[in-house]
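Mapping of the sequence shown onto our numbering: residues 145 to 406, in sequence order.
All residues carry an ideal CB built from backbone N, CA and C; glycine is no exception.
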Amino acid sequence: MNNKPIGIFDSGVGGISIWKELQQRLPLEDTIFLADSKNAPYGEKSAETIVQLSIKNTELLLDLGCKLIVVACNTATTNAIDYLRTHYPIPFIGIEPAIKPAALQSTSGTVGVLATRGTLSSALFHSTAKNHASNIKIIEQEGTGLVELIEAGKASSESARQLLRTYIQPMVASGIDHLVLGCTHYPHLIPLLKEELPAHVKIIDCGEAVANQTQRILEKQGLLAGEHGLTNHRFYTNADTSVLTTFLNEAKGEVSVSYRDF
Ligand code: DGL
Numbered sequence: 145m146n147n148k149p150i151g152i153f154d155s156g157v158g159g160i161s162i163w164k165e166l167q168q169r170l171p172l173e174d175t176i177f178l179a180d181s182k183n184a185p186y187g188e189k190s191a192e193t194i195v196q197l198s199i200k201n202t203e204l205l206l207d208l209g210c211k212l213i214v215v216a217c218n219t220a221t222t223n224a225i226d227y228l229r230t231h232y233p234i235p236f237i238g239i240e241p242a243i244k245p246a247a248l249q250s251t252s253g254t255v256g257v258l259a260t261r262g263t264l265s266s267a268l269f270h271s272t273a274k275n276h277a278s279n280i281k282i283i284e285q286e287g288t289g290l291v292e293l294i295e296a297g298k299a300s301s302e303s304a305r306q307l308l309r310t311y312i313q314p315m316v317a318s319g320i321d322h323l324v325l326g327c328t329h330y331p332h333l334i335p336l337l338k339e340e341l342p343a344h345v346k347i348i349d350c351g352e353a354v355a356n357q358t359q360r361i362l363e364k365q366g367l368l369a370g371e372h373g374l375t376n377h378r379f380y381t382n383a384d385t386s387v388l389t390t391f392l393n394e395a396k397g398e399v400s401v402s403y404r405d406f
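Below, the structure is given as structure tokens:
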């Protein structure tokens with residue numbers, strides 16, 4: 145048994161979609177979440193810079209006593225998780241676009257992946273696509289500008305709807321029957337996506353799979369927390385706290401959101 149917190153980081157509020165799944169799956173765990181909004185979007189940065197930012201976030205979470213780190217960001221996972229796993233002695237759970245389940249379920253043989261440039265250009269994304277989706281056609285689309293709108297609290301705005309349309313309409317016209325959300329910010333757009341996508345196009349987001357994998361690793365390594373009173377969830381952002389706070393209305397336990405320079 146281990147009551148130390150789970151660390152989670154993202155380039156901003158995207159990882160909250162993963163944090164929610166973790167909280168549901170692992171209700172006894174304390175968490176510390178870093179929203180590196182000051183440096184968002186990661187998706188437009190070089191692989192080297194993404195690795196450096198991931199190191200900075202990891203070291204802060206280690207200083208704060210985390211027992212495991214969830215890299216709640218596809219861009220950081222696909223560019224930096226190998227480095228993190230070889231340089232730090234704790235388990236890391238990552239997230240990458242769920243093209244394997246989409247390929248297995250597709251009947252049209254064409255799936256869309258909406259992700260950041262950093263993810264779509266990464267070696268890990270290419271090897272996953274080659275190994276698990278070589279029998280289907282993948283339509284890749286960079287979601288340029290979407291992260292900025294979500295970080296500004298405009299996930300349900302008319303500008304987000306217009307931008308999404310320009311990204312999904314060509315994919316729909318190409319015959320996709322699955323749309324893989326390859327960025328943890330994009331689940332915040334699901335209400336809009338459901339309105340904009342034809343009913344036969346299934347949205348694939350793997351937040352739940354990340355929570356399941358986290359549980360498996362905690363169990364396997366004897367790191368699960370036991371009953372220890374009210375759970376504690378600390379959120380640190382290096383930008384304005386107000387947008388982050390709006391995503392936490394259903395959070396249970398003792399929750400704090402603070403500004404921190406990191
Ligand atoms: N939420 C992130 C991801 O899953 C990063 C988005 C960004 O900062 O570009 O890719």
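Non-local beta-carbon contacts of Met145 in its own chain, meaning distances under 6 angstroms to residues more than five positions away in sequence, involve Gly370 in chain order. For Thr254, the enclosing beta strand (DSSP E) covers residues 254 to 259. The secondary-structure analysis by DSSP pairs Glu286 across a beta bridge with Ala259. In the DSSP assignment, Thr175 is bridged to Ile150, His377. Boundaries of the alpha helix (DSSP H) around Ser386: 385 to 390. Going by DSSP, Leu197 is part of the alpha helix (DSSP H) stretching over 191 to 207. A distance below 9 angstroms separates the beta carbons of Ala216 and Ser161. The continuous stretches of alpha helix (DSSP H) do not include Tyr403, which lies in the beta strand (DSSP E) extending over residues 398 to 403. At a Cβ-Cβ threshold of 9 angstroms, Met315 and Gly262 do not count as neighbours. Nearest Cα to Tyr232 within the set Glu203, Thr175, Glu240: Glu203.
Ile213 is positioned such that its CB atom lies no closer than 9 angstroms to that of Thr254. In this structure Ala242 touches Val324 by the C-beta definition: roughly 5 angstroms separates them, less than 8 angstroms. DSSP places Val345 in no alpha helix (DSSP H); its state is neither H nor E. Using a Cβ-Cβ distance cut-off of 8 angstroms, the stretch 341 to 355 and the stretch 190 to 197 are not in contact, since fewer than three pairs of beta carbons, one from each stretch, lie closer than that value. In the three-state reduction of the DSSP assignment, Leu367 falls in the coil class, being assigned neither a helical nor a strand state. Only exposed fits Asp207, as fewer than 16 other CB atoms lie within 10 angstroms of its CB. Taking the CA atoms as reference points, Ala296 sits about 7 angstroms from Val387. Asn376 is not a Cβ neighbour of Pro171, given a cutoff of 9 angstroms. Annotation for Ile320: no alpha helix (DSSP H) segment contains it, and DSSP assigns it neither H nor E. In the three-state reduction of the DSSP assignment, Phe236 falls in the strand class, which pools E and B. Around the beta carbon of Thr230, fewer than 16 other beta carbons sit within 10 angstroms, so the residue counts as exposed.
DSSP places Ile162 in the helix class (H, G or I) of the three-state scheme. Listed as beta-bridge partners of Gly326 by DSSP are Ala259. Between Gly326 and Ala277, the C-beta spacing is not below 9 angstroms.
As computed with DSSP, Lys281 is found in a beta bridge with Thr254. The beta-carbon separation of Glu340 and Leu374, rounded to 40 angstroms, does not stay under the 8 angstroms limit for a contact. Taking a contact as a CB-CB distance under 8 angstroms, the pair Val401 and Ile294 does not count as one, their CB atoms being some 17 angstroms apart.
Sequence-distant Cβ neighbours of Ile239 in its own chain, meaning closer than 6 angstroms and more than five residues away, are Asn218, Thr221, Val354.
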